[in-house]
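Comments concern the structure below.
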Amino acid sequence: MPHRVRGVVAKAKGQPVTVETIIIPDPGPGEAVVRVQTCGVCHTDLHYREGGINDEFPFLLGHEAAGIVEEVGEGVTDLAPGDFVVLNWRAVCGSCRACAKGKPQYCFSTHNAAQPMTLEDGTPLTNALGIGAFAEKTLVHSGQCTKVDPSASPAAVGLLGCGVMAGIGAAINTGNVSRGDTVAVIGCGGVGNAAIMGAKLAGASKVIAVDVDAAKLEWARGFGATDVVNSRETDAVEAIQALTGGFGADVVIDAVGRPETWKQAFYARDLAGTVVLVGVPTPEMTLELPFIDVFSRGGALKSSWYGDCLPSRDFPMLVDLYQQGRLDLDAFVTETIALDGVEAAFDKMHGGQVLRSVVQL
Numbered sequence: 001m002p003h004r005v006r007g008v009v010a011k012a013k014g015q016p017v018t019v020e021t022i023i024i025p026d027p028g029p030g031e032a033v034v035r036v037q038t039c040g041v042c043h044t045d046l047h048y049r050e051g052g053i054n055d056e057f058p059f060l061l062g063h064e065a066a067g068i069v070e071e072v073g074e075g076v077t078d079l080a081p082g083d084f085v086v087l088n089w090r091a092v093c094g095s096c097r098a099c100a101k102g103k104p105q106y107c108f109s110t111h112n113a114a115q116p117m118t119l120e121d122g123t124p125l126t127n128a129l130g131i132g133a134f135a136e137k138t139l140v141h142s143g144q145c146t147k148v149d150p151s152a153s154p155a156a157v158g159l160l161g162c163g164v165m166a167g168i169g170a171a172i173n174t175g176n177v178s179r180g181d182t183v184a185v186i187g188c189g190g191v192g193n194a195a196i197m198g199a200k201l202a203g204a205s206k207v208i209a210v211d212v213d214a215a216k217l218e219w220a221r222g223f224g225a226t227d228v229v230n231s232r233e234t235d236a237v238e239a240i241q242a243l244t245g246g247f248g249a250d251v252v253i254d255a256v257g258r259p260e261t262w263k264q265a266f267y268a269r270d271l272a273g274t275v276v277l278v279g280v281p282t283p284e285m286t287l288e289l290p291f292i293d294v295f296s297r298g299g300a301l302k303s304s305w306y307g308d309c310l311p312s313r314d315f316p317m318l319v320d321l322y323q324q325g326r327l328d329l330d331a332f333v334t335e336t337i338a339l340d341g342v343e344a345a346f347d348k349m350h351g352g353q354v355l356r357s358v359v360q361l
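For the sequence shown, position 201 (counting from the first letter as 1) is numbered 201 according to the UniProt record's numbering, and the numbering increases by one without interruption.
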């Protein structure tokens, strides 16, 4: 029997979101209905509302979520009602060319639910990142559900569903930060601070946080930054070089995603160092760089998609570290809000007042 629930919908570009009645069908083959407990307010949701992803309105927003499996469809054998799960947007197919090469973290054909959720009038909804979890329940592919320790706090571990995993993975998986490395992170919002946490977890000896906001730099210290640079007041590249013996950092992570911050990352790394782009640029942005500089500096220029994570591998491991007190995911939760607080949360996020507002249902 279909479910009628409340959910947060963006109906038109740039318009305030509204709480609507959502119709969720019974799960079909390979699908699961999940009762959402928490969902973080991520900048990607704001991108959807602003039409920065695509124009397939209306959108059912929300994707950084944790909850309880309520029903499963035909053929689902690895989930059961009552399982506590973190939702993910990389449900690997197991058969594409990346999966065939043993690199499922780069899967080119990830699964989503086949059936749409709809408004009351039957209008199909486009789910943010194939999830749509600013709702009391949501319909997903079973592969989007990663089982983790049920005693963990949903508000904290649900953030692994996007931003926190993207940052930690940018350092550990994409940047391959190792013991003794020097690391710089440009942009100290939720993703940037997660990258700082990931770099410390990997054993970096020095982690330099760069931002234009003094309050965010204080947050960064709390997540493990050994040094901070206010790039509104000083040249970021010169400051990073000065803090690394004049050489530059082994790994520089751009958690902003603008041409100017990427150039800072490029020139602030050591020779043969690594640049990781995890901040998401917008389609109109372009980059111009002397080609000889790309050649002469060597090293690696990488983009990090979702922290190059494999949810089935990374989520349980990070939740275990959280449960051991070695990964302070609670520190990312600035506030908990109700479904009707999402629009106000967008304003706070845009103003840099919060790391994460988390919808609690």
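Cβ atoms here follow ideal geometry from the backbone N, Cα and C, with glycine treated the same way. Remember, predicted model here, so these are calculated numbers, not experimental data.
In chain order, what residues of the same chain lie with their CB nearer than 6 Å to the CB of residue i, ignoring the 5 residues before and after it?
i: residue 163; result: 42, 190, 191
i: residue 126; result: 56, 59
i: residue 304; result: 170, 174, 276, 278
i: residue 266; result: 275
Alpha carbon to alpha carbon, how far is residue j from residue i? Give it in angstroms, no decimals.
i: residue 3; j: residue 139; result: 10 Å
i: residue 84; j: residue 113; result: 19 Å
i: residue 316; j: residue 290; result: 43 Å
i: residue 5; j: residue 273; result: 50 Å
i: residue 118; j: residue 128; result: 14 Å
i: residue 282; j: residue 186; result: 17 Å
i: residue 71; j: residue 26; result: 8 Å
i: residue 346; j: residue 46; result: 7 Å
i: residue 299; j: residue 75; result: 46 Å
i: residue 360; j: residue 153; result: 11 Å
i: residue 355; j: residue 292; result: 38 Å
i: residue 314; j: residue 166; result: 11 Å
i: residue 263; j: residue 253; result: 11 Å
Mapping the DSSP letters down to three states, classify residue i as helix, strand or coil.
i: residue 139; result: strand
i: residue 193; result: helix
i: residue 250; result: strand
i: residue 53; result: coil
i: residue 88; result: coil
i: residue 177; result: coil
i: residue 312; result: helix
i: residue 94; result: coil
i: residue 20; result: strand
i: residue 274; result: strand
i: residue 212; result: coil
Report yes if the C-beta distance between residue i and residue j is below 9 Å; otherwise report no.
i: residue 69; j: residue 33; result: yes
i: residue 297; j: residue 271; result: yes
i: residue 278; j: residue 199; result: no
i: residue 229; j: residue 209; result: yes
i: residue 249; j: residue 184; result: yes
i: residue 372; j: residue 294; result: Nothing in the structure corresponds to residue 372, since the chain is present only between 1 and 361.
i: residue 142; j: residue 30; result: yes
i: residue 39; j: residue 20; result: no
i: residue 330; j: residue 155; result: yes
i: residue 205; j: residue 180; result: yes
i: residue 239; j: residue 231; result: yes
i: residue 36; j: residue 62; result: yes
Per DSSP, which residues does residue i bridge with? Please list them.
i: residue 127; result: 60
i: residue 360; result: 38
i: residue 112; result: Residue 112 pairs with nothing; no bridge assigned.
i: residue 288; result: DSSP output for residue 288 lists no bridge partner at all.
i: residue 301; result: 275
i: residue 119; result: 22
Using a Cβ-Cβ cut-off of 7 Å (strictly less than) and excluding sequence neighbours within five positions of residue i, which residues of its own chain qualify?
i: residue 188; result: 209, 211, 216, 217, 219, 220
i: residue 311; result: 88, 90, 146
i: residue 99; result: 92, 93, 107
Going along the chain, which residues of its own chain have a beta-carbon closer than 8 Å to the beta-carbon of residue i, five neighbours each way excluded?
i: residue 16; result: 343
i: residue 73; result: 26, 27, 28, 29, 30, 31, 32, 142
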